[in-house]
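Below is one structure, written out as C-alpha coordinates, with a few remarks after it.
Now the structure itself:
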(Lines of atoms letter the chains of each structure in order from A; the text may use other names.)
(Lines give C-alpha, C1' and ligand atoms only; values in the text may rest on other atoms or scores of the structure.)
Protein backbone atom coordinates (compact mmCIF):
# COMPACT_ATOMS: atom_id res chain seq x y z
CA UNK A 3 0.00 0.00 0.00
CA UNK A 4 1.33 3.43 -0.93
CA UNK A 5 1.07 5.28 2.35
CA UNK A 6 3.52 7.52 4.08
CA UNK A 7 2.96 8.45 7.68
CA UNK A 8 -0.64 7.20 7.53
CA UNK A 9 -1.43 9.44 4.52
CA UNK A 10 -2.27 8.15 1.05
CA UNK A 11 -0.03 9.24 -1.77
CA UNK A 12 -1.77 11.08 -4.67
CA UNK A 13 -0.70 8.51 -7.28
CA UNK A 14 -1.54 5.47 -5.17
CA UNK A 15 -3.85 2.81 -6.62
CA UNK A 16 -6.44 3.56 -3.94
CA UNK A 17 -6.23 7.35 -4.09
CA UNK A 18 -9.22 9.63 -4.80
CA UNK A 19 -7.99 10.57 -8.29
CA UNK A 20 -7.80 6.91 -9.30
CA UNK A 21 -11.21 6.17 -7.79
CA UNK A 22 -12.75 9.02 -9.80
CA UNK A 23 -11.12 7.85 -13.03
CA UNK A 24 -12.34 4.30 -12.37
CA UNK A 25 -15.85 5.63 -11.74
CA UNK A 26 -15.78 7.63 -14.99
CA UNK A 27 -14.60 4.57 -16.91
CA UNK A 28 -17.38 2.46 -15.35
CA UNK A 29 -20.03 5.04 -16.26
CA UNK A 30 -18.79 5.23 -19.87
CA UNK A 31 -18.68 1.42 -20.15
CA UNK A 32 -22.13 0.82 -18.61
CA UNK A 33 -24.48 3.65 -19.65
CA UNK A 34 -27.61 1.47 -19.59
CA UNK A 35 -26.95 0.35 -16.02
CA UNK A 36 -26.23 3.92 -14.95
CA UNK A 37 -29.50 5.21 -16.44
CA UNK A 38 -31.39 2.34 -14.80
CA UNK A 39 -29.81 3.20 -11.44
CA UNK A 40 -30.81 6.87 -11.87
CA UNK A 41 -34.38 5.81 -12.67
CA UNK A 42 -34.44 3.59 -9.60
CA UNK A 43 -33.24 6.52 -7.50
CA UNK A 44 -36.07 8.68 -8.83
CA UNK A 45 -38.57 5.90 -8.18
CA UNK A 46 -37.23 5.53 -4.65
CA UNK A 47 -37.67 9.25 -4.09
CA UNK A 48 -41.28 9.02 -5.23
CA UNK A 49 -41.96 6.09 -2.91
CA UNK A 50 -40.45 7.80 0.13
CA UNK A 51 -43.18 8.57 2.65
CA UNK A 52 -42.83 12.35 2.79
CA UNK A 53 -44.66 12.83 6.09
CA UNK A 54 -42.51 10.35 7.99
CA UNK A 55 -39.28 12.32 7.60
CA UNK A 56 -40.28 15.00 10.03
CA UNK A 57 -40.62 18.75 9.79
CA UNK A 58 -38.25 19.12 6.84
CA UNK A 59 -39.50 16.15 4.85
CA UNK A 60 -40.41 18.14 1.72
CA UNK A 61 -37.04 19.90 1.79
CA UNK A 62 -35.24 16.56 2.11
CA UNK A 63 -37.26 15.15 -0.77
CA UNK A 64 -36.46 18.15 -3.01
CA UNK A 65 -32.79 17.95 -2.03
CA UNK A 66 -32.76 14.30 -3.04
CA UNK A 67 -34.29 15.16 -6.44
CA UNK A 68 -31.77 17.97 -6.94
CA UNK A 69 -28.85 15.68 -6.19
CA UNK A 70 -30.23 13.07 -8.59
CA UNK A 71 -30.52 15.77 -11.27
CA UNK A 72 -26.93 16.91 -10.78
CA UNK A 73 -25.61 13.37 -10.81
CA UNK A 74 -27.64 12.70 -13.96
CA UNK A 75 -26.16 15.78 -15.64
CA UNK A 76 -22.66 14.61 -14.68
CA UNK A 77 -23.39 11.17 -16.13
CA UNK A 78 -24.74 12.74 -19.34
CA UNK A 79 -21.47 14.65 -19.62
CA UNK A 80 -19.46 11.45 -19.22
CA UNK A 81 -21.60 9.33 -21.54
CA UNK A 82 -22.53 11.74 -24.32
CA UNK A 83 -19.76 14.29 -24.17
CA UNK A 84 -19.70 18.05 -24.03
CA UNK A 85 -22.69 18.85 -26.31
CA UNK A 86 -25.16 16.73 -24.36
CA UNK A 87 -23.81 18.10 -21.09
CA UNK A 88 -24.40 21.65 -22.29
CA UNK A 89 -28.00 20.74 -23.10
CA UNK A 90 -28.48 19.09 -19.70
CA UNK A 91 -26.97 22.04 -17.84
CA UNK A 92 -29.10 24.43 -19.91
CA UNK A 93 -32.22 22.49 -18.89
CA UNK A 94 -31.06 22.56 -15.28
CA UNK A 95 -30.45 26.32 -15.47
CA UNK A 96 -33.96 26.87 -16.89
CA UNK A 97 -35.46 24.69 -14.15
CA UNK A 98 -33.56 26.52 -11.40
CA UNK A 99 -34.58 29.86 -12.86
CA UNK A 100 -38.21 28.73 -12.86
CA UNK A 101 -37.92 27.56 -9.27
CA UNK A 102 -36.42 30.87 -8.19
CA UNK A 103 -39.59 32.65 -9.33
CA UNK A 104 -41.91 30.23 -7.55
CA UNK A 105 -43.25 31.00 -4.10
CA UNK A 106 -43.51 28.17 -1.63
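Numbering (the numbering used here), first residue to last: 3 to 106. Yeah, the Cβ is synthetic: ideal placement off N, Cα and C, and Gly gets one too. None of the values given here were measured: they were computed from a predicted structure.
Specify, as a first and last residue, the run of the alpha helix (DSSP H) that residue 25 falls within. 18 to 31
Bounding residues of the alpha helix (DSSP H) (the contiguous stretch that carries residue 58): Where residue 58 is concerned, there is no enclosing alpha helix (DSSP H), given that its DSSP letter is neither H nor E.
Using a threshold of 8 angstroms, state whether the C-beta atoms of residue 80 and residue 40 are closer than that. no
Kindly indicate which three-state DSSP category residue 65 falls into: helix, strand or coil? helix
Three-pair Cβ contact test at 8 angstroms for the segment 56 to 69 versus the segment 19 to 36: no
Let's test the definition: count the other Cβ atoms within 10 Å of the Cβ of residue 19 and tell me whether it reaches 16, buried, or not, exposed. exposed
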